[in-house]
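In this note's numbering, the protein residues as written are 163 to 317.
Glycine included, every Cβ here is placed at the ideal spot set by N, Cα and C.
Data first, discussion second: the structure below is written as structure tokens.
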Amino acid sequence: MQLTHLYFEADSVAGQALMRAEQVETGDLLVIITPGKVMRRATAEVMARELGLSYRRAANQKVDLAMIGAGPAGLAEAVSGASEGLATVLLDMVGPGGQAAASSRIENYLGFPTGISGTDLTGKAISRTAEVSRVLEDSSELDQAVCPFPAHSWP
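Right, dumping it as structure tokens:
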């Protein structure tokens, strides 16, 4: 997923000017500034929530399929499950794309015989996931102690 943004190092001229203008101290970093809001000591989870890139289901909402990990495989399975009418949730600590999102070129993925960048591949998958169902849920950790059902994995 690509978002238009600007990045400034704190010790750059532009970074220092912005910090003064927004009354930001070095201890406040990482700072995310959006129109009308300054988020100090921002985490990936906070940023995703503030930018509308995450979803939290209601506590009483039942889930048929929970995918843990939002790399290409998790995104594909979430789309498949949601397409079949399953209440699907996709859990990831950081955000969609996984390691593939950072890859400059993926040459072994079905449907792209000449290869595709990780950003493009995961962007297409995220778009399709959003079309089918709103399934991305942020999760800083998965706590099995509060889940009455065991999580199963297959070798």
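Cut-off 8 angstroms between Cβ atoms - residues of its own chain near residue i, not counting five sequence neighbours on either side
| i | result |
| --- | --- |
| Phe170 | Ala176, Gly177, Leu180 |
| Met201 | Val193, Ile194, Ile195, Val208, Met209, Glu212 |
Where residue i sits in the DSSP three-state scheme
| i | result |
| --- | --- |
| Asp226 | coil |
| Asp173 | coil |
| Leu253 | strand |
| Thr291 | helix |
| Thr205 | coil |
Whether residue i touches residue j by CB criterion (7 angstroms)
| i | j | result |
| --- | --- | --- |
| Ala240 | Met229 | yes |
| Ala204 | Ile194 | yes |
| Gly280 | Ala263 | yes |
| Leu252 | Ala232 | yes |
| Trp249 | Asp226 | Note that residue 249 is Ala in the sequence shown here, rather than Trp. In contact: Ala249 and Asp226 (Cβ atoms closer than 7 angstroms). |
| Ile278 | Ile288 | no |
Unbroken alpha helix (DSSP H) run spanning residue i, endpoints
| i | result |
| --- | --- |
| Val200 | First-last for Val200: 199-201, but that is the beta strand (DSSP E), not the alpha helix (DSSP H). |
| Gly236 | 234-245 |
| Arg267 | From DSSP, Arg267 is part of no alpha helix (DSSP H); its letter is neither H nor E. |
Bounding residues of the beta strand (DSSP E) (the contiguous stretch that carries residue i)
| i | result |
| --- | --- |
| Thr196 | 194-196 |
Residues near residue i in its chain [Cβ-Cβ closer than 7 angstroms; skip 5 each side]
| i | result |
| --- | --- |
| Arg290 | Val241 |
| Leu272 | none |
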